[in-house]
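Asker: Structure incoming, see below.
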Amino acid sequence: MHTVDDIIIGWFNSDFGTMFSGGIVGNLCLVFLSLVVTALFAGIIGFEREYYGHAAGLRTHLLIALGSCIIMIISIYGFTYWDGVTNYTRDPARLAAQVIPGIGFLGAGTIVKNGVTVRGLTTATTLWVSMAIGIACGTGSFVIGAISTAVCLLALVALRRFETIASRKNPIVFMVVPSDRPVMKDVLLIASRYGISIRDNSSELITYQENSAIRMVMRLTYASRNSVTAFADELRMSIKPLELKVSTEF
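So that you can map any letter, position 84 of the sequence shown is 84 in the UniProt record's numbering, and since no number is skipped, the others follow by simple counting.
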């Protein structure tokens, strides 16, 4: 049983290829098709990242996928001139295997941590997916590349709304207090009063209106809207912070 990819590859390498130079032109057209399809799929994902203003956008995703595709093509076709010259076993997956850990360095560059807020994880993941799509298209697995692109877009676009709804149950509280006033004990007491647990918290020394202050960032566990509102109101009344805001609106 032949797959769609097998039919496409077979046509370029045999039926179409025999019309020109004994299959050379057909093979070149197959390589060209792999690169074009890779650029199309990765470009779609990169455009979504570019549209929402992320660090790695259209060009980055496209170039990573193209590079992965080229490496896969070289792995398959680049060393065939050795055939018959020496006795050896060629492993086409060896070069591609080095791409997977190598993409981690680029992905790490898109991740930024600010307090308890981590940004760029999704973009780092889409870079990794673009690499995988490039490898898939480089092997001629165009159907896998197309389905992967569609599923990736579904996760990025269609599930964005569901992720926003879920994150509203874990709001982040930003608070600025004078540096000479210890408030963490009071914050924990107020939180326990409303059945709220602080999952993560961080603090940093800043300058606020020309005075030394501490900026606190607290991520709360699952909590209702009323509980979070009451918690924030009591923080304002009891602690009297210089600034306080909750990141998510219910």
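Cβ atoms here follow ideal geometry from the backbone N, Cα and C, with glycine treated the same way.
Figure out for me which residue from T122, L127, A96 and R119 has the closest Cα to the Cα of F105.
Answerer: L127
Asker: E48: buried (16+ other C-beta within 10 angstroms of its C-beta) or exposed?
Answerer: buried
Asker: Taking buried to mean at least 16 other C-beta atoms within 10 Å of its own C-beta, is G17 buried or exposed?
Answerer: Legend: pLDDT at G17 = 49, less than 50; position of this residue unreliable, value from coordinates given subsequently. Burial call: buried.
Asker: Helix, strand or coil: how does DSSP classify L62 here?
Answerer: helix
Asker: How would you write the range of the beta strand (DSSP E) that P101 sits in, first residue to last?
Answerer: First-last for P101: A93 to A108, but that is the alpha helix (DSSP H), not the beta strand (DSSP E).
Asker: L220 and P171 look like a contact to me (Cβ under 8 Å); what is the Cβ gap, rounded to whole Å?
Answerer: 6 Å
Asker: With a threshold of 8 Å between beta-carbons, can G57 be considered close to chain B, or not?
Answerer: Structure shown: chain B not included; a single protein chain is present.
Asker: Look at the alpha carbon of A232 and the alpha carbon of C152, and state the distance between them as a whole number of angstroms.
Answerer: 37 Å
Asker: For the beta strand (DSSP E) that L205 lies in, which residues bound it at each end?
Answerer: I198 to Y208
Asker: Out of I135, A213, N211 and Y222, point me to the one whose CA is closest to I198's CA.
Answerer: Taking the Cα of I198 as reference, the smallest distance to any Cα among I135, A213, N211 and Y222 is reached at Y222.
Asker: Report yes if the C-beta distance between F142 and V37 is below 8 Å; otherwise report no.
Answerer: yes
Asker: Does DSSP put V246 in a helix, in a strand, or in coil?
Answerer: strand
Asker: What residue from T229, I135 and A55 has the CA that sits closest to T149's CA?
Answerer: I135
Asker: Excluding sequence positions up to five away, which residues of its chain have a Cβ less than 6 Å from the Cβ of G138?
Answerer: S34, C69, M72 and I73
Asker: R215 by DSSP, collapsed to three states: which one?
Answerer: strand
Asker: What residues in its chain sit with their C-beta under 6 Å from that of G22, if we drop five residues either side in the sequence?
Answerer: Confidence at G22 is low in this model, with a pLDDT of 48, below 50, so the placement of that residue should be treated as unreliable; the coordinate-derived value is given next. Around G22: no qualifying Cβ.
Asker: Using the Cβ count rule (16 or more neighbours within 10 Å means buried), how would you classify V177?
Answerer: buried
Asker: What number of angstroms, rounded off, separates the C-alpha of L40 from the C-alpha of N27?
Answerer: 20 Å
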